[in-house]
Amino acid sequence: MINQSKKRVLECLEIFASLGDVRARTQFGGFSLSADGAMFALVSDGELYLRASAETEAHFCRKKMERLIYRKRGMDVKLRYFKVNPAQWDDTEAVRKLGKYSLKGMLREIELRKNNEAGRLKDLPNLSLALERLLWQVGIANSGDLRTQGACKTYLKLCAMKKKNLGINLLMALEGAILGYHEAALPMASREILTQWFNHQQEQPFDTMH
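Here you go:
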C-alpha cells in the first residue's frame with residue numbers, strides 16, 4: 001500500500017502544481033498535502049482524501065464523496081476528509097478543481113481562526129453573557145483561551161469554582177462553542193466521547209475529579 005500511496009502522491013503533486021508550492025510529508029500512516037501553510041489533503045492506502053472546512057463540508061457531501069472514518073476507543077469517528085472516487089479520477093481537471101476548493105476552504109478557516117482568537121466568548125454558540133462572566137472568573141478571557149483549555153478542562157474549572165457538578169449539558173455546550181456548533185447539533189462522535197468522560201468523572205469523589 002505504501003508504494004501505491006507514493007505513486008498517488010506523485011500524481012497529486014502534478015495535478016495540484018497550479019495551486020502553488022504543494023508539499024507532501026508523512027502523516028497518519030500516509031501522506032499529507034499542504035500549500036501556503038494549509039493542509040488540504042491526505043493520501044492513505046493509495047486513496048486521496050480532500051479535507052473539508054466547516055464551510056465546505058456540505059459541498060463534498062453533495063457530491064456523495066465517501067467520508068474518511070477511523071476507529072477510536074471502539075467507536076467510529078467521522079473525519080472531515082472526503083475520498084476522490086474512481087469516476088472523478090477520470091477527469092483530472094475535476095480533481096484539480098476539488099483540490100483548489102479544499103485548499104481555499106482551509107485557508108479561509110485558518111484566517112477566520114486567527115481573527116477569532118481574541119473574540120468575545122458570548123459571540124460563540126451556546127455561550128450567554130452570564131456564562132461568559134463565569135469563564136472570566138476561571139481565567140478564560142476569550143475564545144482563544146477556551147480553545148486552548150478545551151471543554152473538559154474548562155468544565156472542571158467551573159465545577160471547582162461552583163463546588164458542585166454542573167451537568168453534562170454545560171460540557172456539551174462548551175464543546176459546541178469550541179467547534180462552532182449549537183449544543184443540539186454537536187456531532188455524535190464528539191457527544192459519545194464527552195459522555196464517556198463525563199460518566200467517568202461521576203464515579204470519582206468530587207474533590208478528586210480530573
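For the sequence shown, full-length UniProt numbering assigns the number 1 to the initial residue and increments by one for each residue that follows.
The beta-carbon is built from N, C-alpha and C at its ideal position, and this holds for glycine as well.
- Short of 8 Å from the beta carbon of residue 152, and not among the five residues preceding or following it, lie these beta carbons of its own chain, in chain order: 171, 194, 197.
- For residue 69, the three-state secondary structure derived from DSSP is strand.
- By the Cβ-count criterion, residue 70 is exposed, with fewer than 16 other Cβ atoms from all chains shown falling within 10 Å of its own Cβ.
- For residue 82, the uninterrupted beta strand (DSSP E) segment begins and ends at 75 to 83.
- By the Cβ-count criterion, residue 41 is buried, with 16 or more other Cβ atoms from all chains shown falling within 10 Å of its own Cβ.
- In summary, residue 65 is buried, with 16 or more beta-carbon neighbours lying within 10 Å of its beta-carbon over all protein chains present.
- Of the candidates 183, 166, 97, 135, 166 places its Cα closest to the Cα of residue 199.
- The continuous alpha helix (DSSP H) containing residue 57 extends over residues 57 to 62.
- Burial is judged here by how many other beta carbons sit within 10 angstroms of a residue's own beta carbon; residue 161 has fewer than 16 and is exposed.
- Annotation for residue 21: 35 place their beta carbon closer than 7 Å to its own, counting only its chain and skipping 5 residues before and after.
- Annotation: the continuous alpha helix (DSSP H) that includes residue 155 extends over 151 to 162.
- DSSP, read as helix, strand or coil, puts residue 134 in helix.
- Residue 198: member of the alpha helix (DSSP H) spanning 188 to 202, first to last residue.
- Counting only residues of its own chain and dropping the five nearest sequence neighbours on each side, residue 57 has a CB closer than 7 Å to the CB of 80.
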